[in-house]
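Heads up: the sequence lines are chains Z and H, in that order.
Each residue of the first sequence is one higher than the one before, starting from 1 at the first, in the numbering used here.
Each residue of the second sequence is one higher than the one before, starting from 464 at the first, in the numbering used here.
Notes follow once the structure below has been shown.
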Amino acid sequence: MLFNSQVFLIVFLPIILVGYYLVSANRAYRIWFLIIGSFVFYGYWDIRLVPLLAGSIALNWTLANAHRRWPQLPLILLGISANLLVIGIFKYANFASDSIAWFLGAEQQRWSIVLPLGISFFTFQQISYLVDTARGVSRRYRFEEYALYVCFFPQLIAGPIVRHNELIFQFDRNPKHRDLYENLSRGAILLVIGLVKKVLVADQLALVADPLFAVAGLGNSLGVVDAWIASIAFGLQIYFDFSGYSDMAIGLALMLGLHLPVNFNAPYRALSVREFWRRWHLTLSRFLRDYVFISVGGSRAGSTRHMMALIITMLLGGLWHGAGWNFVVWGGMHGIALAVNHLWTRAGGKLGRLPAWLATMSFIFTTWVFFRAESFSAAVTHIWSMVGSGIGVAGDNGVNVVDVAWLFSVAALIALVGPTSQEIAREHVVSKPALAALGALAMAAVFLQVGGGTNAEFIYFQF
Amino acid sequence: MVWRRFWLVFVAVLLGALGSLCAFVIIADPYDTLPFSPALEREPVSTNQRFSFPALAASPRFDSAIFGTSTTRLLRPEKLNGLFAARFANLSMNSATSHEQQRLYNLFIEHHRAPRMVIFGLDGEWCSTAPTLEDFTFRPFPPWLYDGNSWNDVLYLFNFSALEQAGRQVGFLAGLRTPKYGRDGYTNFLPPEDQYDLEKARSHIYGPSGPTPTSVITAPQQSFSEQRKGWIYPAHSRMRDMLARLPGETVKVLMFVPYHNVRLPGKETLEWARWDECKHRLAALAADTPNAHTIDFMFPSEITTRDENYWDALHYSVRVAEQIAELIRIGISDRRGRIGLFNYIEPQ
Chain Z
1 MLFNSQVFLI
11 VFLPIILVGY
21 YLVSANRAYR
31 IWFLIIGSFV
41 FYGYWDIRLV
51 PLLAGSIALN
61 WTLANAHRRW
71 PQLPLILLGI
81 SANLLVIGIF
91 KYANFASDSI
101 AWFLGAEQQR
111 WSIVLPLGIS
121 FFTFQQISYL
131 VDTARGVSRR
141 YRFEEYALYV
151 CFFPQLIAGP
161 IVRHNELIFQ
171 FDRNPKHRDL
181 YENLSRGAIL
191 LVIGLVKKVL
201 VADQLALVAD
211 PLFAVAGLGN
221 SLGVVDAWIA
231 SIAFGLQIYF
241 DFSGYSDMAI
251 GLALMLGLHL
261 PVNFNAPYRA
271 LSVREFWRRW
281 HLTLSRFLRD
291 YVFISVGGSR
301 AGSTRHMMAL
311 IITMLLGGLW
321 HGAGWNFVVW
331 GGMHGIALAV
341 NHLWTRAGGK
351 LGRLPAWLAT
361 MSFIFTTWVF
371 FRAESFSAAV
381 THIWSMVGSG
391 IGVAGDNGVN
401 VVDVAWLFSV
411 AALIALVGPT
421 SQEIAREHVV
431 SKPALAALGA
441 LAMAAVFLQV
451 GGGTNAEFIY
461 FQF
Chain H
464 MVWRRFWLVF
474 VAVLLGALGS
484 LCAFVIIADP
494 YDTLPFSPAL
504 EREPVSTNQR
514 FSFPALAASP
524 RFDSAIFGTS
534 TTRLLRPEKL
544 NGLFAARFAN
554 LSMNSATSHE
564 QQRLYNLFIE
574 HHRAPRMVIF
584 GLDGEWCSTA
594 PTLEDFTFRP
604 FPPWLYDGNS
614 WNDVLYLFNF
624 SALEQAGRQV
634 GFLAGLRTPK
644 YGRDGYTNFL
654 PPEDQYDLEK
664 ARSHIYGPSG
674 PTPTSVITAP
684 QQSFSEQRKG
694 WIYPAHSRMR
704 DMLARLPGET
714 VKVLMFVPYH
724 NVRLPGKETL
734 EWARWDECKH
744 RLAALAADTP
754 NAHTIDFMFP
764 SEITTRDENY
774 WDALHYSVRV
784 AEQIAELIRI
794 GISDRRGRIG
804 LFNYIEPQ
């Protein structure tokens with residue numbers, strides 16, 4: 001079920017809120033209530049995937065506990081391998097077989113494999129728990145605590161990627177404490193902000209980006225203006241889509257008295273690629289740093305090793321996003337950019353704020369093409385179009401610059417100026433009834449907007 | 464306590480707003496299908512007939528109906544009522560696919576088990592030999608209005624589109640707006656007759672280059688006999704199903720609509736043979752059905768060769784529509800055609 005759907009907003013969420021607070025006095029009841037609710041939420045998409053999620057939780061919890069008892073056995077390795085095997089089959093099998101077939105010059109019929117929603121998120125979250133268990137930095141949790149940590153519906157499908165030690169301890173606290181109404185209110189405002197970002201901004205930007213990328217996906221080149229419009233539209237779309245989703249997830253959790261980590265901090269204000277990754281998808285950056293970057297050498301084993309670690313980490317980060325060479329290239333480009341950025345800084349290189357911002361954004365928005373393009377060759381054609389080598393063949397799909405100018409202006413203004421949604425919800429929203437009424441009316445407007453049957457899924461659901 | 468008030472205001476305003484919207488759309492009932500809305504004389508408000516015609520299809524005010532596309536929308540129910548002593552609804556929908564027509568027809572049949580008369584307007588969709596036919600066009604199609612359960616319709620009314628239609632409906636009910644569409648589905652979508660401009664119509668019919676002589680391939684007709692056997696018309700199985708749902712006493716008319724001559728294939732061309740085969744196969748279906756008649760206006764005739772009868776190559780004038788209604792009556796009663804006007808197709 002989508003957060004931006006009427007069934008979620010008018011049926012699921014009220015039932016969860018009322019039920020949760022009715023049983024909140026009893027710790028076990030409220031945990032099990034949220035587990036059941038989360039499985040209903042997950043099974044609503046495809047009931048066949050519920051056993052996979054349940055089995056994954058049970059296996060990882062069992063192996064982590066078994067490791068505590070028999071640390072000499074390679075159980076953690078077994079667990080990590082099992083997780084990678086599952087994600088490998090569901091997400092990467094076709095990619096791997098296609099690549100091998102291409103290398104051998106053979107034809108490969110793609111297997112019909114359903115990609116379970118959120119598999120990248122809940123698998124990696126559990127790998128982090130196994131690694132922490134091996135490192136001896138995790139507690140032993142009861143099964144229901146661990147299960148809720150993994151399946152908690154606000155973050156199950158697309159994050160934020162939460163650590164066990166920043167969520168599970170919160171389950172102890174009865175949400176009916178003195179912050180109850182503040183949490184409900186601030187959470188609701190974050191939910192509304194996220195919905196507005198998704199429905200009224202991201203989905204409108206998709207109407208600009210999608211037709212142009214579709215043209216490029218057919219192997220056609222675009223006019224230089226259309227190529228840039230497509231890239232900018234998608235860059236803004238993915239920001240509003242994903243940060244909107246994160247706002248909703250954090251807001252929903254807050255309404256249940258639970259705090260999730262912030263995932264975005266105005267990334268398009270970054271003045272370097274390095275800063276961008278400190279502002280974009282923060283919980284993934286944190287995961288990659290702690291479980292990949294450090295494992296492959298980190299920053300303390302010499303400059304060359306550091307550069308290689310950066311590039312390898314970002315290559316894997318790219319692959320985490322999607323099973324395709326365009327994602328690998330996207331990740332690789334960011335890895336190289338981070339390495340160059342690091343060398344530049346170490347060499348004392350400096351740029352003014354505006355040139356630094358322009359250089360950073362040019363790189364970010366150009367590389368988004370690889371992320372969004374329907375194939376690697378389409379991405380290359382698109383990039384060539386952006387430097388003016390293409391002949392515009394968008395035809396009816398071509399867009400009028402003036403038509404999209406207002407949309408870009410509004411989106412850019414929100415992205416570049418003013419407080420972030422987290423700042424609004426946590427600092428700027430004061431307990432004024434007028435603000436509450438405004439938020440409620442915005443929620444009602446979104447409710448009507450998503451009732452048209454055209455509510456789009458979130459981009460990050462595919463990962 | 465201040466946050467408690469914030470939360471209560473948020474919930475109260477949200478519930479108030481959603482409750483008001485809910486009450487408004489239920490009272491307005493924009494598509495006139497809700498079983499629990501107040502009984503009011505509502506109008507078909509949506510310009511997309513796929514939304515506004517399900518209510519007409521279910522209405523007990525009618526015992527007969529016309530199904531088709533814009534090429535039959537000008538058949539006036541009042542005229543047909545007089546000719547056939549029936550109560551017609553014109554349920555023709557612009558550019559409707561055969562699938563959409565069947566969905567609306569099924570809804571009509573569920574509410575009218577033994578209709579008096581049904582007219583099927585047949586055009587290109589019914590004679591297509593494409594391997595698969597599209598079920599829908601780019602126009603939105605609301606399956607929930609066709610599922611036979613009007614109790615769940617309210618779930619689909621909480622959106623800006625339905626709200627806009629509800630506003631229109633209230634405008635009609637309050638007498639602030641003039642209905643564009645008749646309560647029997649009929650709409651004269653053409654400009655007033657006094658604005659008819661033959662030269663302009665010709666430019667629509669023939670395009671900017673004007674009339675061009677039709678190139679006729681003079682291959683003998685029988686040379687297509689082998690091809691004919693291989694042609695499959697996917698929509699015909701739909702028509703078979705639709706006819707099978709009608710009782711024997713219902714008068715059924717399969718009417719090939721009068722395209723302007725410019726849209727008709729040259730005689731004895733492959734395309735002509737494709738149409739000819741289609742007509743005879745549908746006539747054979749009709750022959751297997753009691754009380755069914757196949758009437759063909761789709762050939763070079765006194766109607767289809769006169770530019771002044773058309774606004775464009777597909778849409779004839781109101782005057783021609785009235786004439787067609789009368790010719791249908793003649794066809795049914797005589798069981799034969801009128802030379803130069805229409806053919807009554809007997810199965811081969």
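Heads up, the beta-carbon is just placed ideally off N, CA and C, and yes, glycines get one too.
Among the options, the one whose alpha carbon lies nearest that of residue i
i, options, result
"residue 829 of chain H", "H:551, H:567, H:556, H:568", "Outside the displayed range of chain H (464 to 811) lies residue 829 of chain H, so it cannot be described from this structure."
"residue 793 of chain H", "H:756, H:781, H:769, H:778", "H:756"
"residue 262 of chain Z", "Z:423, Z:441, Z:235, Z:213", "Z:423"
"residue 714 of chain H", "H:694, H:753, H:742, H:536", "H:753"
"residue 588 of chain H", "H:546, H:489, H:565", "H:565"
"residue 559 of chain H", "H:535, H:542, H:576", "H:535"
"residue 386 of chain Z", "Z:1, Z:204, Z:222", "Z:222"
"residue 132 of chain Z", "Z:229, Z:12, Z:80", "Z:80"
"residue 569 of chain H", "H:599, H:591, H:545, H:609", "H:609"
Sequence-distant residues of the same chain with beta carbon closer than 6 Å to residue i, five excluded per side
i, result
"residue 507 of chain H", "515, 644"
"residue 371 of chain Z", "330"
Residue i and residue j closer than 8 Å at C-beta
i, j, result
"residue 581 of chain H", "residue 527 of chain H", "yes"
"residue 697 of chain H", "residue 768 of chain H", "no"
"residue 477 of chain H", "residue 443 of chain Z", "yes"
"residue 82 of chain Z", "residue 75 of chain Z", "no"
"residue 191 of chain Z", "residue 42 of chain Z", "no"
"residue 538 of chain H", "residue 787 of chain H", "yes"
"residue 648 of chain H", "residue 557 of chain H", "no"
"residue 472 of chain H", "residue 433 of chain Z", "yes"
"residue 151 of chain Z", "residue 240 of chain Z", "no"
"residue 237 of chain Z", "residue 202 of chain Z", "yes"
"residue 722 of chain H", "residue 784 of chain H", "no"
"residue 561 of chain H", "residue 701 of chain H", "yes"
With 16 other Cβ atoms within 10 Å as the buried cut-off, status of residue i
i, result
"residue 14 of chain Z", "exposed"
"residue 563 of chain H", "buried"
"residue 413 of chain Z", "exposed"
"residue 350 of chain Z", "exposed"
"residue 749 of chain H", "buried"
"residue 601 of chain H", "exposed"
"residue 659 of chain H", "exposed"
"residue 70 of chain Z", "exposed"
"residue 197 of chain Z", "buried"
"residue 405 of chain Z", "exposed"
Between the CA atoms of residue j and residue i - distance to the nearest angstrom
i, j, result
"residue 746 of chain H", "residue 584 of chain H", "13 Å"
"residue 764 of chain H", "residue 724 of chain H", "8 Å"
"residue 780 of chain H", "residue 603 of chain H", "28 Å"
"residue 513 of chain H", "residue 605 of chain H", "7 Å"
"residue 341 of chain Z", "residue 618 of chain H", "54 Å"
"residue 381 of chain Z", "residue 88 of chain Z", "30 Å"
"residue 484 of chain H", "residue 511 of chain H", "23 Å"
"residue 734 of chain H", "residue 586 of chain H", "14 Å"
"residue 741 of chain H", "residue 732 of chain H", "14 Å"
"residue 616 of chain H", "residue 634 of chain H", "21 Å"
"residue 494 of chain H", "residue 652 of chain H", "20 Å"
"residue 124 of chain Z", "residue 313 of chain Z", "14 Å"
Beta-carbon contacts of residue i that lie in its chain and below 7 Å, excluding the five residues immediately before and after
i, result
"residue 806 of chain H", "759, 762, 800"
"residue 271 of chain Z", "353, 356, 357, 360"
"residue 668 of chain H", "723, 725, 770, 773, 775, 776"
"residue 804 of chain H", "764, 765, 766, 790"
"residue 140 of chain Z", "65, 68"
Contact test: residue i Cβ vs the ligand NAD heavy atom, cutoff 7 Å
i, result
"residue 791 of chain H", "Among the ligands in the structure shown, none appear at all, so the ligand NAD cannot be discussed."
Same chain only: Cβ atoms within 8 Å of residue i, ignoring 5 sequence neighbours per side
i, result
"residue 185 of chain Z", "429, 431, 436"
"residue 232 of chain Z", "365, 408"
"residue 114 of chain Z", "46, 48, 49, 90"
"residue 815 of chain H", "An answer regarding residue 815 of chain H cannot be provided, because it is not within the stretch 464 to 811 covered by chain H."
Exercise. Output, in sequence order along the chain, the residues in the region 162-192 of chain Z whose CB is closer than 7 Å to any CB in chain A.
Key: You won't find chain A in this structure, because its protein chains are Z and H.
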